[in-house]
Amino acid sequence: MSRVRGIEVGLAAAVAIAVIGFVTGVTTTGHEVSAYVSVRPVPRPEVAARGYADMRTRSYGPNAEAQAQWFGALATGPAISEPVVQSEADRAAALARRAERRAYDGAPPTIPHDIDQLAVPSCLACHAEGKVIAGMVAPRMSHARHDSCVQCHVVAADPRRVAQTPPAPETVFVGLESVRGGERAWPGAPPTIPHSTRMRERCDACHGTLGALGMRSTHPWRQSCVQCHAPSAALDQRTTTSRSP
Amino acid sequence: MDRREFLRTSALAAASAAAYRMAHGQPAPGPRTTPAPNGDVRWDKAPCRFCGTGCHVQVGVRNDKVVAIAADEKAEVNKGLLCVKGYHVGLALYGKDRLTRPLLRRNGKLEPISWEEALDIVAKRAFDNPAGFAIYGSGQWTIPEGYAANKLIKAGLATNQIDPNARLCMSSAVTGFLSTYGVDEPAGCYDDLDKADVVIMWGNNPAEMHPVLFSRIVDRRSRGEKVTLIDLTTRRTRTSGFCQHTLFFKPNSDLAIANGIAHLLVERGTFDKAFVDAYCNFRQRTEPPTLDGQAMTFEAYRRALADYTPEKVEAISGVAAADIRMLADLFGKRDLRITSLWCMGMNQHTRGTAINDLVHGIHLLSGHFGRPGDAPTSLTGQPSACGTVREVGTLAHGLPGGLVVTKPEHRKEAEAVWNLPAGRINAKPGYHTVELWKRFSTPKDKGGDIDTIWVMVTNPARSLPNINQLFEPSRSLPGKFLIVSDVYPTATAMAADLVLPSAMWVEKNGMFGNSERRTQQWFRMVRPPGEARDDTWQLLAVARRLFDRGVPGLKDKDGQFLFRIRDAAGAEVPVWDWKRYYDVNVDEQLFEEYRKFSRFKHKDLAPYSEYVKARGLRWPVVEQPDGTWRETRFRFARHDDPYAKKADIQFYHSVTKDDRALIWFHPYEPPPESPDRDYPLWLCTGRVIEHWHTGTMTMRIPQLQRAMPESYLEMNREDAKALGIADGEVVIVESRRGKIELPVWIDGRAQPARGSVFVPFFDERLAINRVTLEAHDPLSKQPDYKKCAVRVRKKERQPR
Amino acid sequence: MTVSGLVITFMDTPEAASFALARLHEDARLLLGEPVANRLPIVAETADATSGETLVRELESIAGIARVDVISIDFAEDLDGPA
Ligand code: SF4
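Residue numbers (this note's numbering), protein chains in the order written: chain A, 1 to 245; chain B, 1001 to 1800; chain C, 2001 to 2083.
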């Protein structure tokens, strides 16, 4: 068996895999720069010009820059004790960005960077726990481990390096929008969870310290979220009013 | 107030406020701020519209529109998970160019007409020349749709001219089951995937084609279980990377590999003698081949296999002798549980029946059968290839419930259920798909006796092989009339003479049957756009017109309309009138009638109401003394199948009528067309995870189309280098039958072996089936889309 | 000790609803609020969250109850403590 399977191998290997994952799995694209969640502004490094001859074999785009500086990259996000200052505008921006990558609230997000289309996905190298790399957040995945990541997540742009991309199809689909927040029984009460917790059992994926501003928890040190925030039985398919129980 | 009291009071306050809001749809007056989170979305279950895995989704509906999809937690098939197509299935309804009005071709242009006119035209074609009128259906038909179409053709017109696109995808699996067990469809089920120690994928790429089943296996490994995955393949795919063993073989040589394994089992004595003695007979083919073949002794079987030494198999197949031994070692271990999976690789094969037989044979020979985890399991590509085609029998020779038109006692059974006068059903099978389209594309005076085809829920203008010969000529021949019921302007619809806009998926009631014998039901949740209407309704409305014109076949032996739908009081409801169609549940009534057929071959179905409650049930579903209905997971095995009573394993539909299955010997033979000097490369076609069938739905879903926006030619880097072809360059791929231009993608989604190329067939614009071969299996009549000879050349510079 | 705020939704037929209501009245773990149309706010006290969940499922299975929504859950581990 020639491939590297992550995680079980232990911590030392994990770092190595992170590097391998970075070099092989998470290569690059020229799109989506603006869509990355920025934790703190990082000056864009200068990228050397490349010849056309390189185009087919070499990486380019934002993750290429990240690759160049991966050493400095394994930093984590803000400390859990850091106060969270966020506004309604932050939240609106975060929700808008979420919507760009999802057909509807609850849809698996598309992948905003290039991937190796053939290899066993190395997504877990970065997304198992979440990472900040070169100022960009690789969010922690919100669900339990599944190995065939590309079963649900597909790239958001033409995966071929060199191709003329036909135009996108027109659709009249209007997806379910993300809700802005849960219900509060009274002002100050902990809000209920306004979305399904299915495949979103790890709250800190979005609401933790690496979450987008506007969606972050103000108390990330508290880990038992459902102690105070009630999930909805209906959204979690525990009850239903449909004709098919 | 103590703390407990405080908690109770605040909990009650919160609950009261919520109750108020839920009852009145608005917040109670008082300190309430946030609105109900998506509380106005109504959820209901449906099976996914796409592949034969048959996952269940929860469909979120608001204001008569699908707005969200969730994986169904209660579904055993997918256990709360989907693939990317399933998560986006709701978007399939909302491409901008849905067909919303019937269209008739006048002076070369498709122009809107009324439903009345359109149905009159269909009925007139069938009335004027019933013998030349055919229905070409689909494994995407719902069960009631296929049942209505089948009854219309077999009982109403009594011509048997009906065949489905599933002929192109699983008919070799059918003939494999029939010739081995005497009855169709897998004995095992998906539960085997949870128990298998070894999973062998025979020319199969489930990581992309049956993703939910594949992750069901590989996720077991992340939980610490040991599962050995073996990939037998002609190209490196996403599946390969997950497998401990990836064995590359030369096209068509899978028969040699199977024989090589059987040879070692026999020679080493590691086969399961007790199992074989108790439950199996041996069989060889006759000339011409038949499903029954002729008996052979074990000694003769052994002699026939003698040629297939590991070294000889290596020479034929390219798989190392050591790996053949490794496979034989695994099958020789009775304590291991081994599941084989296959789909189009073995079925779209000019030796499709033979290779299906051989893989069943290895499992029987080694006794890897009937215990959970021990199963030869054939997967289907379409959501109801099993349900609508195989079970309802919408094939040129089929009748519902596994009956066939060629057997007098079967015709009699069907005539009894349908209340027909004796002798109504025609004993002569209609034309199989390739033959049907050949005759449609041939002038009448040259033997082209089919002049009207009504295509439903499929896209033959892209999915038939060799479309330049089988489809296109019909479009300019006088007197040929093509009717298409579909939801989008597909290539077939745009070439049609009459287009009927259909309702799709949750715009109508429906039922599907997936790869593991699971029958599934859903209700209509939203209304179809414009004038789009249910396919079943279209069929019933045409049937009624034929009845009104006095066609005798549309009456049963009491003179009643063949499709009598009644209300609760027993009065006939004129469901052929669209306004009345949903007055009753037509699906339920058709299904209850169809269900009577399911007893003949022990494929018992439960009443409709049971399927409403369940996330599908696997047949035989048998009523218990307490009135509940129990499904069957492991067929022919006494520990689970109520019909296996006499022994631990009982093949109760045995060809040899002695409760035994047949182990076949079939020799390896070279394919009908192999690469040569002029056409030096193998061409294989297939799918990618993002797209389904000819992409008419998935290419209209932005997330899927963006991830895989067009077709491509997958080529080995070395071959490309030798031809001076660069990644991304547009080239011409050409066979003796046709050519198309395609961009090359090297080291992209997969890597073909040297000397072979691969092209997916999802892209309607880049129709690879102009190039493929229509050569087909002699028994199943299924064409081979997986191998033919092509050449690839650089595009000439345009002269300036 | 877990205190949960729940909303019961009764089925539309009055007989079914009154049957269910009678069952709820008998249950000592429940504090019933004021009904609003076919909804009834209640408070449930259980030993812990797990038995709370079991209770919700029990309620769901009562004939006449269409659904049960969990509105809030509060934990008060120490309420029944040694003190
Ligand atoms: S396409 Fe197939 S595997 Fe994917 S969700 Fe639908 S049924 Fe499941």
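Ideal Cβ positions, reconstructed from N, Cα and C, are used throughout, including at glycine. Since this is a predicted model, take the numbers as computed values, not measurements.
So what does residue i bridge to, in DSSP terms?
i	result
B/Gln1284	B/Gln1294, B/Phe1665
C/Asp2069	C/Val2007
B/Tyr1136	B/Asp1163, B/Val1455
B/Asp1044	B/Val1059
B/Glu1572	B/Arg1566
B/Ala1375	B/Thr1339
Pick out whichever of the options has its Cα sitting closest to the Cα of residue i.
i	options	result
B/Val1811	B/Val1089, B/Leu1157, B/Ile1649	Because chain B is modelled from 1001 through 1800, residue 1811 of chain B falls outside the range shown and cannot be assessed.
B/Pro1460	B/Asp1451, B/Ile1450, B/Ala1495, B/Pro1443	B/Ala1495
B/Ala1767	B/Glu1741, B/Lys1781, B/Phe1591, B/Ser1780	B/Glu1741
B/Leu1082	B/Glu1690, B/Arg1677, B/Thr1237	B/Glu1690
B/Pro1478	B/Ser1502, B/Lys1446, B/Gln1703	B/Lys1446
A/Pro191	A/Ser178, A/Thr197, A/Gly182, A/Met199	A/Gly182
A/Leu118	B/Pro1752, B/Ala1071, B/Ala1075, B/Ile1425	B/Pro1752
B/Asp1556	B/His1363, B/Lys1739, B/Asn1419	B/Asn1419
B/Val1089	B/Phe1275, B/Ala1071, B/Gly1241, B/Asp1120	B/Ala1071
B/Gly1370	B/Arg1633, B/Gln1294, B/Ser1780	B/Arg1633
B/Pro1675	B/Leu1007, B/Ala1092, B/Thr1696, B/Asn1252	B/Asn1252
B/Cys1189	B/Ala1416, B/Val1484, B/Val1077, B/Ala1126	B/Val1077
B/Val1276	B/Leu1364, B/Ser1476, B/Val1542	B/Leu1364
B/Asp1163	B/Val1212, B/Ile1663, B/His1432	B/His1432
A/His207	A/Ala103, A/Arg140, A/Glu170, A/Gln164	A/Arg140
B/Ser1340	B/Asp1567, B/Asp1374, B/Thr1698	B/Asp1374
B/Gly1430	B/Phe1050, B/Arg1638, B/Leu1012, B/Lys1781	B/Lys1781
In chain B, which residues lie less than 7 angstroms from residue i when you measure between Cβ atoms?
i	result
C/Glu2034	Ser1016
C/Arg2039	Ala1019, Met1022, Ala1023
A/Ser148	Ala1207, Pro1211, Phe1214, Ser1215, Val1218
C/Thr2050	The contacting residues do not exist; C/Thr2050 stays about 18 angstroms from chain B at best.
A/Ala157	Arg1706
Just to make sure I have the definition right: I need the residues of chain C whose C-beta is within less than 8 angstroms of the C-beta of residue i. Which are they?
i	result
B/Arg1008	Val2003, Leu2031, Val2043, Glu2045
Where do the N-terminal and C-terminal ends of the beta strand (DSSP E) with residue i fall, by residue?
i	result
B/Val1790	1788 to 1794
B/Arg1062	1056 to 1062
B/Gly1510	1510 to 1513
B/Arg1518	1518 to 1522
B/Cys1684	1681 to 1686
B/Lys1109	1109 to 1112
B/Phe1758	1756 to 1760
B/Met1209	Element bounds for B/Met1209: not the beta strand (DSSP E) but the alpha helix (DSSP H), 1206 to 1209.
C/Asp2027	Per DSSP, C/Asp2027 belongs to no beta strand (DSSP E) and is neither H nor E.
If the cut is a Cβ gap below 9 angstroms, which residues of chain C does residue i touch?
i	result
A/Ala185	Gly2005, Ile2071, Ser2072
B/Ala1614	Result: empty, since nearest Cβ-Cβ is about 17 angstroms, beyond 9 angstroms.
Give the residues of chain A in contact with residue i, contact being defined as C-beta atoms less than 9 angstroms apart.
i	result
B/Glu1690	Val154
For the alpha helix (DSSP H) that contains residue i, what are its first and last residues?
i	result
B/Leu1590	1586 to 1595
B/Asp1329	1321 to 1332
B/Ile1316	1310 to 1317
B/Thr1433	1433 to 1440
B/Met1346	1344 to 1347
B/Asp1128	1115 to 1128
Cβ closer than 8 angstroms: which chain A residues qualify as neighbours of residue i?
i	result
B/Arg956	Outside the shown range of chain B (1001 to 1800) lies residue 956 of chain B, about which nothing can therefore be said.
B/Ser1756	Those within 8 angstroms of B/Ser1756 in chain A number zero; the least Cβ separation is about 16 angstroms.
B/Cys1875	In the structure as shown, chain B starts at 1001 and stops at 1800, and residue 1875 of chain B therefore has no counterpart that could be examined.
B/Glu1531	Correct list: empty, because the minimum Cβ distance to chain A is about 17 angstroms.
In chain C, what lies closer than 7 angstroms to residue i by C-beta?
i	result
A/Ala230	Val2070, Ile2071, Ser2072, Ile2073
B/Ala1011	Val2003, Ser2004, Gly2005, Val2043, Ser2072, Asp2074
How about residue i: is its Cβ closer than 7 angstroms to a heavy atom in the ligand MN?
i	result
B/Cys1243	Although the ligand MN was asked about, the structure shown includes only the ligand SF4 as ligands.
Applying a beta-carbon distance threshold of less than 7 angstroms, which residues of chain A neighbour residue i?
i	result
B/Pro1709	Asp158, Thr165, Pro166
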